[in-house]
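Number of protein chains: 2
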Amino acid sequence: MNAPIGIFDSGVGGLTVAREVFRLLPGENVVYFGDVARTPYGGRSKEIITAFTAQDIAFLMEQKVKFIICACNSASAVALDEIAPNYNVPMIGVIRPGAEAAVAKTKTGRIGVIGTNATINSNAYARTVHDLKPEVKIFSLACPLFVSLAEEGYLDKEATFLIARDYLQTMLDLEVDTLILGCTHYPLLKRVIADVMGDDVTLIDSGEEAARTAYRALADANLLNSQASQMPTPRGEHKYYVSDVPEKFTQVATRFLGEVLDKVTRVDITRY
Amino acid sequence: MNAPIGIFDSGVGGLTVAREVFRLLPGENVVYFGDVARTPYGGRSKEIITAFTAQDIAFLMEQKVKFIICACNSASAVALDEIAPNYNVPMIGVIRPGAEAAVAKTKTGRIGVIGTNATINSNAYARTVHDLKPEVKIFSLACPLFVSLAEEGYLDKEATFLIARDYLQTMLDLEVDTLILGCTHYPLLKRVIADVMGDDVTLIDSGEEAARTAYRALADANLLNSQASQMPTPRGEHKYYVSDVPEKFTQVATRFLGEVLDKVTRVDITRY
Numbered sequence: 027m028n029a030p031i032g033i034f035d036s037g038v039g040g041l042t043v044a045r046e047v048f049r050l051l052p053g054e055n056v057v058y059f060g061d062v063a064r065t066p067y068g069g070r071s072k073e074i075i076t077a078f079t080a081q082d083i084a085f086l087m088e089q090k091v092k093f094i095i096c097a098c099n100s101a102s103a104v105a106l107d108e109i110a111p112n113y114n115v116p117m118i119g120v121i122r123p124g125a126e127a128a129v130a131k132t133k134t135g136r137i138g139v140i141g142t143n144a145t146i147n148s149n150a151y152a153r154t155v156h157d158l159k160p161e162v163k164i165f166s167l168a169c170p171l172f173v174s175l176a177e178e179g180y181l182d183k184e185a186t187f188l189i190a191r192d193y194l195q196t197m198l199d200l201e202v203d204t205l206i207l208g209c210t211h212y213p214l215l216k217r218v219i220a221d222v223m224g225d226d227v228t229l230i231d232s233g234e235e236a237a238r239t240a241y242r243a244l245a246d247a248n249l250l251n252s253q254a255s256q257m258p259t260p261r262g263e264h265k266y267y268v269s270d271v272p273e274k275f276t277q278v279a280t281r282f283l284g285e286v287l288d289k290v291t292r293v294d295i296t297r298y
Numbered sequence: 027m028n029a030p031i032g033i034f035d036s037g038v039g040g041l042t043v044a045r046e047v048f049r050l051l052p053g054e055n056v057v058y059f060g061d062v063a064r065t066p067y068g069g070r071s072k073e074i075i076t077a078f079t080a081q082d083i084a085f086l087m088e089q090k091v092k093f094i095i096c097a098c099n100s101a102s103a104v105a106l107d108e109i110a111p112n113y114n115v116p117m118i119g120v121i122r123p124g125a126e127a128a129v130a131k132t133k134t135g136r137i138g139v140i141g142t143n144a145t146i147n148s149n150a151y152a153r154t155v156h157d158l159k160p161e162v163k164i165f166s167l168a169c170p171l172f173v174s175l176a177e178e179g180y181l182d183k184e185a186t187f188l189i190a191r192d193y194l195q196t197m198l199d200l201e202v203d204t205l206i207l208g209c210t211h212y213p214l215l216k217r218v219i220a221d222v223m224g225d226d227v228t229l230i231d232s233g234e235e236a237a238r239t240a241y242r243a244l245a246d247a248n249l250l251n252s253q254a255s256q257m258p259t260p261r262g263e264h265k266y267y268v269s270d271v272p273e274k275f276t277q278v279a280t281r282f283l284g285e286v287l288d289k290v291t292r293v294d295i296t297r298y
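Printed below as a string of structure tokens:
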């Protein structure tokens, strides 16, 4: 089935998920939508995030996608479960894949999760982890400054270390052995976070896990692109859509993806 | 004339302007709109900021305001001049008041301005300063992280000092004697900014200057609330509207204003 996979995010962060999808599924066509005109979602209310997410999904449906990955943790946490049943295209978020990987990794049964205010306040990771394994202890913490630090390229400066130490001291005190990076921006700060948390703590990148889950789900449902099974695999087409002018997105995206974008088109997302 | 004064901003930052208006004009009725569902504007394009600003103004017009203060520097810099001529209510932004105050203060003729990417890239402060006094030298610098630091309450932490020193070193090297705080959030970081810049540099708060300009403009145009001239002055009514759920706004606003809010109502701003 050569219909595209749809991936959406509040902005550029979901490109870390797209990159993993491209790596695992090089022959798939992909449509990416980034809501850069209204990014970030993480500080907004459930109601507003749900309204924005519904529009993002309606846009992807119009692109006739066969599968949708909600790469945004905040949208996955507060909006996806409400909207997904309205469509007959399979959709996954990043919460469950991240939770599953953490439960599989932890040895001490003490897991931490960090994310935006919306994600943490929703308690979505804690609920999912408990459903998977009730005896696991999970501790949640919002780290709202991490998003702007990542977007501004403050990836390994002294100030970023100080803020990370400030935020993560609680996680150190709680002696978690596994930490879920519950926001697509956080993998960009992985070096700093790993440095503060120490070698004994495993970091889980929910976006990476979601890409793997998508791969298995597409294979199981027989939805992989049949044309992609030829050898050598022809590279799928990657289309990008954004809700503000494309220039800044294109620039940041090149850093996130490590490749030059095929084409970026602007969309008036409020029409959906 | 007891019609209200309208003040709008991309979010909570404009409350620093509202506070100054309340102080100077205690008898005036005020309607404040904060576009918290789409904040911050400063990293977005001119096109999107103009579209959002047009909706903010249309909403205030529906409230039958007699005067509009655009408290958002980004909107003042890139959108206001295009939209204001469509209405017959007087409107002011924060750029000109800030520029005028800086030109009046500088002794060496070297002025710095800091703000969001949108404000700085627009060159609006530099153009206005040059129109006022062509021989003045003005240097512009975007400090995008300051907004999140202020919103997260990182007002005088070591990390904030480090980031401020990083950003402002250029201004020190350029030996400005006056620095315009060209974003409503920056006055919250005044202590850190003053510490980095030193005692010899005067900081200009554009929001405070805009409130003073509004006061003079209302008096000149004979638009002050006649009921407010009674002694003792009856306190004007202050109404707040926001585009996301009011809880977080109410909480942050109390910090910005130092007073408990009368009433906060949610508005679907996309209808305007």
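Just so you know, the sequences run in chain order A and B. According to the working numbering, the first sequence is numbered sequentially starting from 27. According to the working numbering, the second sequence is numbered sequentially starting from 27. Glycine included, each C-beta is placed from N, C-alpha and C at the ideal position. Nothing here was measured: the structure is a model prediction, and the numbers come from that model.
Does chain B have any CB closer than 9 Å to the CB of residue i?
i	result
A/R64	yes
A/P52	no
A/K90	no
A/K133	no
A/K274	yes
Can a CB atom of chain A be found closer than 9 Å to the CB of residue i?
i	result
B/A219	According to the sequence as given, residue 219 of chain B is Ile; it is not Ala. So, not an interface residue.
B/D192	yes
B/L171	yes
Pick from the options: whose alpha carbon is nearest that of residue i?
i	options	result
A/L287	A/E273, A/E54 and A/E184	A/E273
B/G179	B/F282, B/H156 and B/D294	B/F282
A/R292	B/S71, B/A63 and B/V62	B/S71
A/N28	A/S102, A/H264 and A/L175	A/H264
B/G68	B/R191, B/F172, B/N248 and B/F275	B/F172
B/D21	B/D157, B/T132 and B/R242	This structure cannot speak to residue 21 of chain B, because chain B is shown only from 27 to 298.
B/I206	B/Q253, B/V227, B/V62 and B/V47	B/V227
A/F59	A/T65, A/G37, A/V47 and A/F48	A/G37
B/L86	B/A240, B/D61 and B/T65	B/D61
A/P170	A/D157, A/H156 and A/T186	A/T186
B/Q253	B/I189, B/G262, B/N114 and B/E184	B/G262
B/D231	B/T196, B/R242, B/A125 and B/D294	B/A125
A/K74	A/L106, A/Q89 and A/E88	Going by the sequence as given, residue 74 of chain A is Ile instead of Lys. Minimum Cα distance to A/I74 is reached at A/L106.
Can you list the residues of chain B that residue i reaches, using a CB-CB cut of under 7 Å?
i	result
A/R297	Per Cβ cutoff of 7 Å: no residues; A/R297 is ~11 Å from chain B at best.
A/P189	The sequence given here has Ile at residue 189 of chain A, not Pro. Under the 7 Å cutoff, chain B gives A185.
Please compile the residues from chain A whose C-beta is within a distance smaller than 9 Å of the C-beta of residue i.
i	result
B/V271	R70, S71, K72, E73 and I74
Can residue i and residue j be called in contact, C-beta distance under 9 Å?
i	j	result
B/N99	B/G53	no
A/F93	A/P116	yes
B/A63	B/D270	yes
A/V120	A/P30	no
A/G32	A/I95	yes
A/V47	A/V56	yes
B/I118	B/A240	yes
B/G284	B/A97	no
A/T296	B/T296	yes
A/A80	A/Y298	yes
B/L188	A/E184	yes
In its own chain, which residues sit with a C-beta less than 8 Å from the C-beta of residue i, not counting the 5 before and 5 after it?
i	result
A/K163	G135, R136 and I137
A/L181	L175, L214, L215, R217 and V218
A/S200	One point to set straight first is that residue 200 of chain A is Leu, not Ser, in the sequence displayed. Excluding residues within five positions, the ones whose Cβ falls inside 8 Å are R136, G138 and F165.
B/T259	P52 and G53
A/H156	V162 and I164
Excluding the 5 residues flanking residue i on each side, which residues of the same chain have their C-beta closer than 7 Å to its C-beta?
i	result
B/K159	V129
B/A103	I121, A144, T145, S148 and A150
A/A237	V43, E46, V47 and L50
B/A247	P116
Here's a check: name, in chain order, each residue in its chain whose Cβ is nearer than 6 Å to the Cβ of residue i, leaving out the five neighbours to either side.
i	result
B/R122	T154
A/C209	N99, G141 and T142
B/V325	No statement about residue 325 of chain B is possible, as the shown extent of chain B runs from 27 to 298 and does not include it.
A/A44	I33 and Y58
B/G39	T210 and H211
A/R191	V222
B/P66	S36 and V173
Counting only Cβ-Cβ distances shorter than 9 Å, please list the residues of the segment 173-187 of chain A near chain D, keeping chain order. Among the protein chains of the structure shown, namely A and B, there is no chain D.
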